[in-house]
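>
In my numbering, the protein residues as written are -19 to 153.
1) Using DSSP's beta-bridge definition, name the partner residues of residue 92.
2) Would the stretch 93 to 102 count as touching the stretch 59 to 79 if we require 3 or more Cβ pairs under 8 Å?
3) Excluding the 5 residues preceding and the 5 following residue 130 in the sequence, name in chain order all residues of the same chain whose CB lies nearer than 7 Å to its CB.
4) Under 8 Å between C-beta atoms, does residue -7 make it to chain D?
5) Taking just the CA atoms, how far does residue 11 sit from residue 4?
6) Under the three-state reduction of DSSP, which class applies to residue 15: helix, strand or coil?
7) Tell me whether residue 110 sits in a helix, a strand or coil according to DSSP, three-state version.
Given below as structure tokens:
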């Protein structure tokens, strides 16, 4: 099955995630037992696109987020093996229903960003052996890291901005 060629079926994505949990979360793997790997990958790809779109949509209302970024990353969602959303204080503590729903949908892929401006957020993606850290505010670069030398721990609930920028990065875009 070509995931990029499989049009998203929103109700099917929602029902699958409701029944089996977020397929991007390792702890949910047993719940997906009996579901083909291809079907899991299709739902995961749909969910990645939804989360990327909502993440950037909610965070772009302030005008400081580059609107080209969600389109770019959504077009590469089939290559993204996993992703994490590192939210600054404004997004993490927002009582807005949309933010609460988004944080809930992100599950344990939602982490807290410390040491940054309140409105800054980061989007971390695993693409093969490379981790990409994309900050939400304009003027921030994307940072690439080899998985063998990550300066941050994605199992932590809180990450410092300086860790996500790192000193020993592979490249800075």
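We put the CB at the ideal spot given by N, CA and C, even for glycine.
As the structure is a computational prediction, the values presented were derived from the model and not from experiment.
In brief:
1) In the chain shown, the residue the question calls residue 92 occupies position 112. Residue pairing by DSSP places residue 92 opposite 67, 138 in a beta bridge.
2) Flag = yes, the stretch 93 to 102 and the stretch 59 to 79 touch.
3) Residue numbering aside, residue 130 sits at position 150 when the chain shown is read from its first letter. Once the five neighbours on either side are set aside, the close Cβ partners of residue 130 are 111.
4) Reference to chain D is not applicable here, since this structure consists of a single protein chain.
5) Against the chain shown, residue 4 aligns to sequence position 24. Against the chain shown, residue 11 aligns to sequence position 31. Residue 4 and residue 11 have their C-alpha atoms some 12 Å from each other.
6) As a working note, residue 15 is residue 35 in the chain shown. Coil.
7) Indexing the chain shown from 1 puts residue 110 at position 130. DSSP places residue 110 in strand when its eight states are reduced to three.
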